[in-house]
Each structure stands twice: as C-alpha cells, then as structure tokens.
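>
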Amino acid sequence: MLLARQGHRVLVLDRARKGSDTLSTHALMRGGVLQLRRWGLLDQIVAAGTPPIRRVRFHYGDEATTVSIKPAAGVDALYAPRRTLLDRVLVDAAMAAGAQVRFGVNVTGLDRDQRGRVVGVVGRDRHGHPVRVQSRLTVGADGKRSLVAREAGAATLRTGAGSGAVVYGYWAGLGVTEYEWFYRPGGTAGLIPTDDGEVCAFAGTSTQRFHQEIAGDIRAGYQRLLKEVVGDAHAGLQTVPPPGRLWAFPGLPGYVRQPWGTGWALVGDAGHYLDPLGTHGITDALRDAELLAHSVGALLTGEDEAAALAAYQMGRDRIAGPMFTPVDQLAGYQWTLPTVRQLLLEQSSAMNDEVEALSALLP
Ligand SMILES: Cc1cc2nc3c(=O)[nH]c(=O)nc-3n(C[C@H](O)[C@H](O)[C@H](O)COP(=O)(O)OP(=O)(O)OC[C@H]3O[C@@H](n4cnc5c(N)ncnc54)[C@H](O)[C@@H]3O)c2cc1C
Numbered sequence: 033m034l035l036a037r038q039g040h041r042v043l044v045l046d047r048a049r050k051g052s053d054t055l056s057t058h059a060l061m062r063g064g065v066l067q068l069r070r071w072g073l074l075d076q077i078v079a080a081g082t083p084p085i086r087r088v089r090f091h092y093g094d095e096a097t098t099v100s101i102k103p104a105a106g107v108d109a110l111y112a113p114r115r116t117l118l119d120r121v122l123v124d125a126a127m128a129a130g131a132q133v134r135f136g137v138n139v140t141g142l143d144r145d146q147r148g149r150v151v152g153v154v155g156r157d158r159h160g161h162p163v164r165v166q167s168r169l170t171v172g173a174d175g176k177r178s179l180v181a182r183e184a185g186a187a188t189l190r191t192g193a194g195s196g197a198v199v200y201g202y203w204a205g206l207g208v209t210e211y212e213w214f215y216r217p218g219g220t221a222g223l224i225p226t227d228d229g230e231v232c233a234f235a236g237t238s239t240q241r242f243h244q245e246i247a248g249d250i251r252a253g254y255q256r257l258l259k260e261v262v263g264d265a266h267a268g269l270q271t272v273p274p275p276g277r278l279w280a281f282p283g284l285p286g287y288v289r290q291p292w293g294t295g296w297a298l299v300g301d302a303g304h305y306l307d308p309l310g311t312h313g314i315t316d317a318l319r320d321a322e323l324l325a326h327s328v329g330a331l332l333t334g335e336d337e338a339a340a341l342a343a344y345q346m347g348r349d350r351i352a353g354p355m356f357t358p359v360d361q362l363a364g365y366q367w368t369l370p371t372v373r374q375l376l377l378e379q380s381s382a383m384n385d386e387v388e389a390l391s392a393l394l395p
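Numbering-wise (this note's numbering), the sequence shown opens with residue 33 and increments by one.
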C-alpha cells in the first residue's frame with residue numbers, strides 16, 4: 033500500500049484467500065494504531081464496530097492495577113480488530129492505491145540473475161499454473177515460515193530462549209471493555225474486546241507445560257489454565273458458555289533475521305519475531321512496512337540500494353531491539369510477580385520510544 037501510494041508498480045502475491053483468518057490474537061499497541069490512523073484506515077476499523085479500548089488492567093496474582101490510555105501521538109484509544117477485518121482493510125487500501133493483488137498464488141522460489149541478485153519469484157496459482165514475476169525489489173512479508181527468508185539465505189542474527197504457548201477463543205456476553213492481562217507464576221491470560229461484541233480470551237503457559245498438560249486435551253487445559261490464572265477476577269468465565277472453537281499455538285522462540293540483501297527485503301515475522309506475549313507482532317509488521325517503504329521510496333528512482341536497505345535495518349533494529357530481551361524473558365515463564373512487572377515496564381518503555389520514532393517519520 034505504502035509503495036503504491038508513492039507511485040511504484042506493486043504486485044502482492046498471497047497464497048491465502050482474501051479476508052481469511054490467521055492464527056493470532058490481535059491486540060494492537062499504540063504504534064500500530066498511530067499508523068492505521070495516519071494511513072487513513074482507522075476510521076474503517078472503527079466504523080466496522082471494533083470497540084475502542086481506553087483502559088488496560090494488569091492483574092499480578094490477586095492484585096490489580098489499571099492504566100488509562102492517555103491521548104498522545106494522535107491516539108486516544110487502542111483497538112483489537114479481527115484479522116479478517118484488519119487484513120481486508122489493508123488489502124483494499126493497497127488496491128485503491130494501485131497495487132495489483134493476486135490471492136491463491138503460492139510462492140515456491142526466488143529467481144536470481146547470473147550475479148546472484150534476486151530478480152523476482154516463481155510459484156503456482158490455485159489451478160497449479162506456473163507463475164513467474166520479475167521485480168526490482170522482492171519483499172518477503174510471508175510470516176514466520178518465510179520462504180523468502182529461507183531462499184534468500186537470510187542470516188539469523190539473534191535467537192531467543194523463551195517460548196510460550198497460547199490457546200484462545202471468542203466469548204460472547206463477557207461484558208469486558210478493557211484489555212485485561214493476567215500474570216501468575218507459570219501462566220498468563222488475557223481478555224481482548226473485539227468486533228461483534230466478542231471478547232478474545234487467551235490462556236498462556238510455557239511450551240513445555242503446554243505439551244505436558246494442555247496439548248492432550250486443549251479444551252480442558254484451556255479452562256483449567258484460565259481458572260488458575262484469572263481466579264475469581266472474572267465470574268463470567270465460569271458462568272458464560274465457553275467458545276465452541278479454540279485455537280492453539282504451541283510456541284516458537286523469538287528471532288531476528290538479516291532483513292535484506294541484493295534485490296530482497298523482509299518485513300514483519302519474516303524478519304523479526306517475538307513471542308505473542310508481547311502482543312506486538314502486528315504493530316511490528318506495520319512498523320517494518322513503513323520503515324521499509326520510507327527507506328526504499330527513493331531507491332527505485334536511482335538512489336543507492338544497499339544504503340537504503342541498510343537504513344531500513346538500522347531503523348528496525350533501533351526500535352525493535354530493546355523489546356527483544358524483556359519479551360523473550362516473559363515467554364520463558366521463569367519470572368516472579370515482582371520481576372514480571374519489571375519486564376513489562378521495560379517493554380512499555382521500548383514501545384514509548386517506538387511511538388516517538390514512528391511519530392517522527394514524516395511521509
Ligand atoms: C497465538 C498468537 C497470538 C498473537 N497475538 C498477537 C496480538 O495480540 N497482537 C499482535 O500484535 N500480534 C500478535 N501475534 C503476532 C502476529 O500474529 C504476527 O506478528 C503478525 O501476523 C505478523 O504479520 P506478518 O504480515 O509478518 O505475517 P502473517 O500475518 O503471518 O502473514 C503472512 C502472509 O504471507 C502469506 N504467505 C506465507 N507464505 C507464503 C508463500 N510461500 N506464498 C504466498 N503467500 C505466502 C500468508 O498466506 C499470509 O497472508 C500473535 C501471534 C500468535 C501466533
């Protein structure tokens with residue numbers, strides 16, 4: 033969307049269908065909301081019925097503390113749109129900006145010239161027909177199992193040790209209007225008000241405990257973990273009928289990859305992944321997209337490619353780097369109630385710096 037708005041010819045390939053869901057809860061942080069607003073897309077999210085979140089409640093064991101979302105950087109509320117809504121709004125905006133979007137195309141490889149430069153991709157459409165596309169810049173925005181990262185040989189610069197599992201589902205009639213985060217040694221939970229009056233409720237624990245105690249019976253494990261971590265703080269979780277469908281993610285340690293080379297770049301999870309407990313991956317992906325578009329905007333009209341892509345990496349790592357250790361430690365579930373507060377404060381401070389950096393990024 034951003035490159036197309038700059039006037040570049042953009043082709044987007046995605047193997048999924050338009051408006052399909054993805055395995056993810058979807059709490060946006062201030063940086064992500066700021067970007068959606070300045071791209072002119074927040075109004076559509078609000079008009080579709082996504083409720084504003086004006087307070088965040090942190091539960092540490094049996095103690096709770098509430099933080100109000102103070103208006104800053106043009107943002108006076110947070111939002112957690114379903115991905116079926118957010119992703120559709122972004123795709124529509126890309127198309128409106130002139131990008132060509134083709135769904136149902138599975139990218140299976142990169143094309144290189146004789147000097148090894150990436151010059152495009154190959155793949156297959158949903159009928160099995162071969163697809164070959166030439167491009168000046170190939171951007172891998174293809175998630176955690178990024179084919180572009182693998183085929184380009186993107187080096188892993190940093191690997192985390194912590195890995196948390198998440199099970200979540202959508203509840204009707206819980207009557208929650210704030211983000212609520214719950215922490216007890218060995219477990220976490222969260223309540224995320226979203227579209228259609230539903231609340232996404234997740235329960236989390238270490239990957240190891242997930243495999244030992246939850247994976248065998250996801251539904252029973254989810255209910256048990258919610259009860260253990262939330263306690264009596266939400267009677268509704270005991271009385272309202274639980275969701276009919278649950279989603280489970282066993283976990284994956286975080287990583288940072290080299291996000292560019294000759295002719296290619298990576299954004300979002302393809303280049304940088306932190307555990308879902310940071311509730312920041314969507315904001316990361318939007319931020320990287322904007323930093324990349326900002327850095328390479330001039331490149332396509334002749335500026336030095338390596339310098340522009342290196343500037344993108346520097347911007348990404350300066351903002352995202354400080355979040356890595358606190359989120360990795362959160363995901364390790366080795367914390368106590370006092371130390372988890374400290375980790376959250378560290379992440380929050382890094383997110384404030386992110387908002388400042390994004391605010392300073394002029395079009
Ligand atoms: C359980 C869970 C909970 C989470 N909760 C939150 C949260 O509350 N808040 C938050 O901000 N983040 C959260 N995240 C993280 C967030 O989901 C990701 O960071 C975010 O989706 C990354 O966006 P992306 O565009 O990089 O990748 P994705 O959203 O994974 O998109 C990748 C796209 O690439 C396409 N693709 C992949 N391979 C190919 C191929 N070979 N050919 C063609 N197309 C391809 C896919 O179809 C997909 O559309 C959570 C993640 C998990 C797993």
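From the three backbone atoms N, C-alpha and C, an ideal C-beta is built for every residue, glycine too.
Looking only at DSSP bridge pairs, what is residue 213 linked to?
Looking at the DSSP assignment, residue 213 forms a beta bridge with 90 and 222.
> Could you please give the first and the last residue of the uninterrupted beta strand (DSSP E) stretch that includes residue 427?
This structure cannot settle anything about residue 427, because the visible part of the chain is limited to 33 through 395.
> Let's test the definition: count the other Cβ atoms within 10 Å of the Cβ of residue 97 and tell me whether it reaches 16, buried, or not, exposed.
Under this definition residue 97 is an exposed residue.
> Contact check, residue 295 vs residue 149 under 8 Å by CB: the rounded distance?
Going by Cβ atoms, the distance from residue 295 to residue 149 rounds to 5 Å, so yes, they are a contact pair.
> Comparing alpha-carbon positions, which option in 368, 34, 244 and 268 lies nearest residue 130?
Comparing Cα positions, the closest option is 34.
> Apart from the five residues on each side of it in sequence, which residues of its chain come closer than 7 Å, Cβ to Cβ, to residue 361?
So the list reads 194, 367 and 375, once near-sequence residues are dropped.
> Against chain C, with Cβ distances strictly below 8 Å, would residue 263 count as a contact?
Absent from the structure is chain C; it holds one protein chain and no more.
> Do residue 165 and residue 185 have their beta-carbon atoms positioned less than 8 Å apart in this structure?
Result no, Cβ atoms of residue 185 and residue 165 do not sit closer than 8 Å.
> Check whether the Cβ of residue 301 lies closer than 7 Å to any heavy atom of ligand 1, and answer yes or no.
Yes, since a heavy atom of ligand 1 falls inside the 7 Å radius drawn around the Cβ of residue 301.
> Quick check on residue 95: does DSSP put it in helix, strand or coil?
DSSP places residue 95 in strand when its eight states are reduced to three.
> If the criterion is Cβ atoms closer than 8 Å, does the pair residue 45 and residue 387 meet it?
Not in contact: residue 45 and residue 387 (Cβ atoms no closer than 8 Å).
> Inspect the beta-carbon positions of residue 114 and residue 226 and report whether they are closer than 8 Å.
Cβ atoms of residue 114 and residue 226: closer than 8 Å.
> Should residue 281 be listed as close to ligand 1, given that the test is whether its C-beta is under 7 Å from any heavy atom?
Yes - ligand 1 has a heavy atom lying nearer than 7 Å to the Cβ of residue 281.
> Ignore the nearest five residues each way along the sequence and tell me which others in residue 263's own chain have a CB closer than 6 Å to its CB.
Excluding sequence neighbours, residue 263 sits near nothing in its chain.
> I'd like to confirm the pairing. Which residues does DSSP put opposite residue 238 in its beta bridges?
According to DSSP, residue 238 bridges with 196.
> So the candidates are 381, 326, 345 and 339; which of them puts its Cα closest to the Cα of residue 393?
Out of 381, 326, 345 and 339, 326 has the C-alpha closest to the C-alpha of residue 393.
> Taking the C-alpha atoms as reference points, what is the distance between residue 228 and residue 309?
Answer to the nearest angstrom: the Cα atoms are 24 Å apart.
> Could you give the residue range of the alpha helix (DSSP H) that holds residue 287?
No alpha helix (DSSP H) contains residue 287, which is instead part of the beta strand (DSSP E) from 287-289.
> Please return the same chain residues whose Cβ sits closer than 8 Å to the Cβ of residue 127, not counting the five positions on each side in sequence.
Only 133 meet the Cβ criterion.
> Taking the DSSP output, what are the residues bridged to residue 162?
156.
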